[in-house]
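Chemist:
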Amino acid sequence: MFKGGFMSEKVAIVGVAQKCGENLMDSVRGLAFEVTKTVMDKVGLTREELDTVVASSSDYWQGMGCSNVFHFDAAAGYLKDSTKAEEDSGLALAYGYMRVRSGHFDTCLVIGITKCSEAPPIATLTNIYNDPFYQRPIGLEEISAAALQANQYMSRYKVSEEVGAEVAVKNLRNALFNPHAHRKMRATVEDVMHSPVMAYPLRELMCCPASDGACALILASEKAAKKFTDDPIWIKGINWRAEPYFMGDRDILENRALKMASQKAYEMAGIKNPLKEIDVAEICEPYAFQELLWYEALGFCSRGEGAKLIKDGVTSMDGELPVNPSGGVLSTNPFCARGAIRAAEAALQLWGKAGERQVPDAETALVHSVHGLAGQLHMVAILGR
Amino acid sequence: MVRKVAVVGVGQTVHGKRREVSFPELVHEAVKRALDDANLTIEEIEAVVSGSMPAPMEGVNAPHLYWGDDAAGAVLKPNMRVATCGTTGMSVAQSGYYHVASGMFDVVLAVGAEKQYEGEAQGTMNTVGDAHFSRPFVPGAPGVFAQQSNEYLHRYDVPEEKIRLAAAEVSVRNHLDAFDNPYAHIKIKIKVDDVLNSRIICYPIRLLDVCPQSDGACAIIYASEERARKITDTPAWVKGVAYCGNEYWSSDNDSVENPGTIEVARRAYKMAGITNPLKQLDVAEVYNPFTFQEMMHYECFGFCKPGEAYKLVEEGIVSRSGELPCDPSGGVLSTNPIGATAMVRVVEAALQVTGKAGAHQIPDAETAFSNGLGGANHLISVMILSRTP
Amino acid sequence: MSQEEVKTVREAEITLPYKWTIGPSGLRFFQGLKEKKILGTKCHKCGRVLVPGRKFCPRDFVELFDWVEVKDEGTIRTYAFVNYSFVGQPRNPPYIVAVIDLDGADTGFNHYVMGIDFSDPEKVKDQVKIGMRVKAVWAEKRVGAITDIEYFKPIK
Numbered sequence: 533m534f535k536g537g538f539m540s541e542k543v544a545i546v547g548v549a550q551k552c553g554e555n556l557m558d559s560v561r562g563l564a565f566e567v568t569k570t571v572m573d574k575v576g577l578t579r580e581e582l583d584t585v586v587a588s589s590s591d592y593w594q595g596m597g598c599s600n601v602f603h604f605d606a607a608a609g610y611l612k613d614s615t616k617a618e619e620d621s622g623l624a625l626a627y628g629y630m631r632v633r634s635g636h637f638d639t640c641l642v643i644g645i646t647k648c649s650e651a652p653p654i655a656t657l658t659n660i661y662n663d664p665f666y667q668r669p670i671g672l673e674e675i676s677a678a679a680l681q682a683n684q685y686m687s688r689y690k691v692s693e694e695v696g697a698e699v700a701v702k703n704l705r706n707a708l709f710n711p712h713a714h715r716k717m718r719a720t721v722e723d724v725m726h727s728p729v730m731a732y733p734l735r736e737l738m739c740c741p742a743s744d745g746a747c748a749l750i751l752a753s754e755k756a757a758k759k760f761t762d763d764p765i766w767i768k769g770i771n772w773r774a775e776p777y778f779m780g781d782r783d784i785l786e787n788r789a790l791k792m793a794s795q796k797a798y799e800m801a802g803i804k805n806p807l808k809e810i811d812v813a814e815i816c817e818p819y820a821f822q823e824l825l826w827y828e829a830l831g832f833c834s835r836g837e838g839a840k841l842i843k844d845g846v847t848s849m850d851g852e853l854p855v856n857p858s859g860g861v862l863s864t865n866p867f868c869a870r871g872a873i874r875a876a877e878a879a880l881q882l883w884g885k886a887g888e889r890q891v892p893d894a895e896t897a898l899v900h901s902v903h904g905l906a907g908q909l910h911m912v913a914i915l916g917r
Numbered sequence: 028m029v030r031k032v033a034v035v036g037v038g039q040t041v042h043g044k045r046r047e048v049s050f051p052e053l054v055h056e057a058v059k060r061a062l063d064d065a066n067l068t069i070e071e072i073e074a075v076v077s078g079s080m081p082a083p084m085e086g087v088n089a090p091h092l093y094w095g096d097d098a099a100g101a102v103l104k105p106n107m108r109v110a111t112c113g114t115t116g117m118s119v120a121q122s123g124y125y126h127v128a129s130g131m132f133d134v135v136l137a138v139g140a141e142k143q144y145e146g147e148a149q150g151t152m153n154t155v156g157d158a159h160f161s162r163p164f165v166p167g168a169p170g171v172f173a174q175q176s177n178e179y180l181h182r183y184d185v186p187e188e189k190i191r192l193a194a195a196e197v198s199v200r201n202h203l204d205a206f207d208n209p210y211a212h213i214k215i216k217i218k219v220d221d222v223l224n225s226r227i228i229c230y231p232i233r234l235l236d237v238c239p240q241s242d243g244a245c246a247i248i249y250a251s252e253e254r255a256r257k258i259t260d261t262p263a264w265v266k267g268v269a270y271c272g273n274e275y276w277s278s279d280n281d282s283v284e285n286p287g288t289i290e291v292a293r294r295a296y297k298m299a300g301i302t303n304p305l306k307q308l309d310v311a312e313v314y315n316p317f318t319f320q321e322m323m324h325y326e327c328f329g330f331c332k333p334g335e336a337y338k339l340v341e342e343g344i345v346s347r348s349g350e351l352p353c354d355p356s357g358g359v360l361s362t363n364p365i366g367a368t369a370m371v372r373v374v375e376a377a378l379q380v381t382g383k384a385g386a387h388q389i390p391d392a393e394t395a396f397s398n399g400l401g402g403a404n405h406l407i408s409v410m411i412l413s414r415t416p
Numbered sequence: 005m006s007q008e009e010v011k012t013v014r015e016a017e018i019t020l021p022y023k024w025t026i027g028p029s030g031l032r033f034f035q036g037l038k039e040k041k042i043l044g045t046k047c048h049k050c051g052r053v054l055v056p057g058r059k060f061c062p063r064d065f066v067e068l069f070d071w072v073e074v075k076d077e078g079t080i081r082t083y084a085f086v087n088y089s090f091v092g093q094p095r096n097p098p099y100i101v102a103v104i105d106l107d108g109a110d111t112g113f114n115h116y117v118m119g120i121d122f123s124d125p126e127k128v129k130d131q132v133k134i135g136m137r138v139k140a141v142w143a144e145k146r147v148g149a150i151t152d153i154e155y156f157k158p159i160k
């Protein structure tokens, strides 16, 4: 497109599109085409003008080796430089950001796609995150790992099970106002506490569902952004970090990787007091207690105070810092797409286009995604106008 | 302006059957060598990107959380996985480049690895085809390339025997050159007749036309211009970077005069200021899993006209003493840990332009071409390195 | 008591169940096969007839609505004679997979070519040639899957 060959320190989101549900009628390929075409038409970007694509999918979730080959040209990749950041579209966002910032590309399509309805259960596919010798035979997978984490948290800070239920209630209710959400209900703490135990203290409604979904974003350099919108949403800060591999090497209450990623993102964005300066946060909370831990590592409160934030309604829709107006991952979990969805939801908030789930006067948003057992790899981004 | 980026250190494992080490240990071997080469400590690495073939190949999902984490020095650092079939090694290399080019990082580590003896390579690769239309007809990698080679043999007005003979020479040359590469896997002294008489795998591909399966890993350290000049006296500057993909329905693309392959070279040459590849490139590490593939690449990359690759071979132009030596390392035909293979091409290119290629050094190599290929000719990538910034 | 050595490898097989969605355009194509029709979609921009019929043209990136029938015979663009085994192989060797340019289609079609005498592997390439004409042999019982065509056989 422009290819002026100038680095662009400012990178913007100029368009978003998403489609999620329980068991979507179309294939991964059809869905990829649909969200890609939708966002490109919305933005007014032709396939010829698009410079690069960063897709995110998982071979295991798709049941296909080299999963991106299957949706490559459906996501506008024919004869294009289209690459893949696996497992987490939050990382595709980060990589897309780097590509545009480098000056080699003026526009970038970021897309995440997973159809959980096609795949084996999350527990099966995350059990094989483990090495074959030490952790896999023990049966560790995402749910039991999150349970270990929740148990330790409850024990350390004398937090009750019901607090986890409160997170689920908040998010599942928020989802009622999100037309894209999968699981939505006017749940009560009692409903959550009566749902079947998965791995104590985690009950079914405290655990993410298995959703189908795709989400596409268009990123643009400062120069190109002007062509597509009067209201670019700038990526003001972004960083991502990984915890060590072995569960036993980690402090899964401190979550240092998230702490460091957020600190770096805040630094880039000039944020000193997250609770005050951030107006809305879209974070990935596949297991209810993790939302509390992420509050703490993100610096919204100190260690052990996460429960207080939820109890005091600080993170409710009418609180000081609404978290997950979209309903989050507890409501909608098309695995690899969920990071991009957080960014899309945050952008919609800043554009004032979040409909019934709008947080009034949102100027600065925090976007977070995570994957891996007990939250092994986190991405944090700050969006602003 | 865009940021200048250089390769400041490379490392690779001895490739082959590495049953004596675990996957993380294998990766660590390559990473340690790259750090030693650059005289850097792991603390100085600011971000890590890694990749390999589909995770099912070794049966561990999201391997960047496993061997791409601690063993690659990525703990508490930015860590991501890029996986794009056979081009993975180079997609990872290109990602490392973009990490630095973005201005976010000054020193970045890229790691490609495969432990093929731990799993079922063919069975895994076959799942690239979707279950509804393609999978019943994906004939394994040899079959895919056989179809392509078969087409090539009959496309031009050149006697089949000439092309067949040239391909056999390519095999002889690569396997012999491997002796001068301490990291190469298969080293055999063969003659043209050995190739022509070797067992048919899938016509026209014979056993000695084909790459091996290898375990192996390699690592590249990229740095910004400012840091590169402090780290080493011999940076290998990244001059051309390009990547391209064809349609998913592989039969919709001309597999011989392949649009993606032609386009990717055009873009990389443009970025690197190359107008006459044969003259301006000093060495080319071409992705050659099959002998005929290497020849088709010569044509798509503009080293010669379509149909004339056999001439480059006959006239010795692509041998080590020729005008454009191809795969002096022994190429993919000798060494193929798939997730690393395309990155090994970049590593070899770096070794050439920095004068560190030892026994297989091409004298005065200033500009080196490297490429990667993936899927059933779905994806192609190119990286051009040079001694001069 | 002698100590048994610890094994150097750990072995396992992983079998995973999947349920892939065919999608509306795939369903329409397979319904066609059930009716012994090979259907493609014509792109109104580049004019190509794409087989199997599909939702969009990857080059022009437009949605396709124009379904057309192509002939169930065509020309072999290339082929591979598979006489080896691998894990997960969909059928037992020997067999031939080919890319067939069906009459009326602008894209290649992947399928089997059979009706070949495999008794002498060296003689297979005398029977199957690039440029040869082939015609579909339909399965008697068709269910709406790619195997509703059993294979393509050489014709004069």
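Protein chains in written order, with the working numbering: chain C, 533 to 917; chain B, 28 to 416; chain G, 5 to 160. Here a beta-carbon is modelled for each residue, glycine too, at the ideal position from N, C-alpha and C.
Our contact map puts C:S599 next to C:D605 with C-beta atoms below 8 Å; I'd like the distance itself, whole angstroms only.
Modeler: Actually they are not in contact, since the Cβ atoms of C:S599 and C:D605 sit about 14 Å apart, beyond 8 Å.
Chemist: For B:A82, name the three-state secondary structure that DSSP assigns.
Modeler: Helix at B:A82.
Chemist: Helix, strand or coil, according to DSSP, for C:F604 in the structure here?
Modeler: In this structure, C:F604 counts as coil in the three-state DSSP scheme.
Chemist: From the DSSP output, read off the bridge partner residues of B:Q39.
Modeler: For B:Q39, which the question treats as bridged, DSSP gives the partners B:C245.
Chemist: Quick one: what's got a C-beta closer than 6 Å to B:Y93's C-beta in the same chain, skipping five residues either side?
Modeler: V87, listed in sequence order.
Chemist: Considering only residues of the same chain and omitting the five flanking positions on each side of B:E71, which have a CB-CB separation below 6 Å?
Modeler: Only V134 meet the Cβ criterion.
Chemist: When the cut-off is 7 Å and only beta carbons count, does G:V86 lie next to chain B?
Modeler: So yes, G:V86 belongs to the interface.
Chemist: Using three-state DSSP, classify B:G385 as helix, strand or coil.
Modeler: Helix.
Chemist: Less than 7 Å between the C-beta atoms of G:G57 and G:T45, yes or no?
Modeler: Cβ distance < 7 Å, so G:G57 and G:T45 count as in contact.
Chemist: List the residues of chain G whose Cβ lies closer than 8 Å to the Cβ of B:Y417, in chain order.
Modeler: For chain B, the structure presents residues 28 to 416; residue 417 of chain B sits outside this window and is missing.
Chemist: If we count Cβ pairs, one from each stretch, closer than 8 Å, do we get three or more for the segment 561-571 of chain C versus the segment 641-650 of chain C?
Modeler: Judged by Cβ distances under 8 Å, the segment 561-571 of chain C makes contact with the segment 641-650 of chain C, as three or more pairs qualify.
Chemist: DSSP beta-bridge partners for B:E312?
Modeler: Per DSSP, B:S397.
Chemist: Using the Cα positions of C:H726 and C:R735, report the straight-line distance between them to the nearest angstrom.
Modeler: Rounded to the nearest angstrom, the two C-alpha atoms are 8 Å apart.
Chemist: If you check the beta carbons only, do B:G252 and B:K31 fall under 7 Å apart?
Modeler: This sequence places Glu at residue 252 of chain B; Gly is not what is there. A contact, by the Cβ cut-off of 7 Å.
Chemist: Quick one: Cα of C:A697 to Cα of C:M572, how far?
Modeler: Roughly 39 Å between the two C-alpha positions.
Chemist: At least one CB of chain B closer than 7 Å to the CB of G:W24: is that the case?
Modeler: It does; some Cβ of chain B falls within 7 Å.
Chemist: Let me check one thing: in DSSP terms, what residues is B:I301 bridge-paired to?
Modeler: DSSP, once it has assigned bridges, lists no residue as partnering B:I301.
Chemist: Taking Cβ positions, are C:A774 and C:P764 nearer each other than 7 Å?
Modeler: Contact: no.
Chemist: Under a three-way DSSP split, which group does G:A16 fall into?
Modeler: In this structure, G:A16 counts as coil in the three-state DSSP scheme.
Chemist: Between the beta-carbon of C:I659 and the beta-carbon of C:G859, is there less than 7 Å?
Modeler: The sequence as given places Asn at residue 659 of chain C; Ile does not occur at that position. Result no, Cβ atoms of C:N659 and C:G859 do not sit closer than 7 Å.
Chemist: Starting from the N-terminal side, write out each stretch of the beta strand (DSSP E) that is 3 residues or longer and does not extend beyond the segment 91-122 of chain B.
Modeler: Here the runs fully enclosed are 106-108.
Chemist: Under 7 Å, Cβ to Cβ, is there at least one residue of chain G near C:G562?
Modeler: Yes, C:G562 lies at the interface with chain G (some Cβ there is under 7 Å from its Cβ).
Chemist: Excluding five sequence neighbours on each side, which residues of the same chain lie with their C-beta closer than 6 Å to the C-beta of B:R347?
Modeler: The residues are P355.
Chemist: Count the other CB atoms within 10 Å of the CB of B:G267; is the residue buried (16 or more) or exposed (fewer)?
Modeler: The residue in question, B:G267, is buried, as its Cβ has 16 or more Cβ neighbours within 10 Å.
Chemist: To the nearest angstrom, how far is the alpha carbon of G:R81 from that of B:L223?
Modeler: Their Cα atoms are separated by approximately 25 Å.
Chemist: So who's on the other strand from C:N771, going by DSSP bridges?
Modeler: According to DSSP, which records beta bridges pairwise, C:N771 is partnered with C:V912.
Chemist: My output table needs one value for B:G343: the three-state DSSP class, helix, strand or coil.
Modeler: In this structure, B:G343 counts as coil in the three-state DSSP scheme.
Chemist: Verify the CB distance criterion: does C:C816 have a CB-CB separation below 7 Å to chain B?
Modeler: Closer than 7 Å: no.
Chemist: Does the Cβ-Cβ distance between C:P857 and C:V912 come in under 7 Å?
Modeler: Their beta carbons are not under 7 Å apart, which means C:P857 does not touch C:V912 by this criterion.
Chemist: Of all Cβ atoms in chain B, is any one closer than 7 Å to the Cβ of C:S753?
Modeler: Not one chain B Cβ lies under 7 Å of C:S753.
Chemist: Kindly indicate if chain C contains any beta-carbon less than 7 Å away from that of G:E17.
Modeler: For G:E17, the answer is no, since every Cβ of chain C falls outside 7 Å of its Cβ.
Chemist: Can you find the residues in the same chain that come closer than 8 Å, C-beta to C-beta, to C:F534, ignoring five residues on each side of it along the sequence?
Modeler: In this prediction, C:F534 scores a pLDDT of 43, lower than 50, which makes its location untrustworthy; the coordinate-derived value is nonetheless stated afterwards. Result list for C:F534: D638, S753, K755 and A756, in chain order.
Chemist: So, with DSSP's three-state summary, where would you put B:H405?
Modeler: Three-state DSSP puts B:H405 in coil, outside helix and strand.
Chemist: Suppose the cutoff is 6 Å on Cβ atoms and the five residues either side in sequence are ignored; what does the same chain contact list for B:Q175 look like?
Modeler: Closer than 6 Å at the Cβ level, and outside the excluded window around B:Q175, lie S282.
Chemist: G:R95: buried (16+ other C-beta within 10 angstroms of its C-beta) or exposed?
Modeler: Counting Cβ neighbours within 10 Å, G:R95 comes out exposed, since fewer than 16 surround it.
Chemist: Please confirm if G:G27 has its CB atom under 7 Å from at least one CB of chain C.
Modeler: Output row for G:G27: interface = yes.
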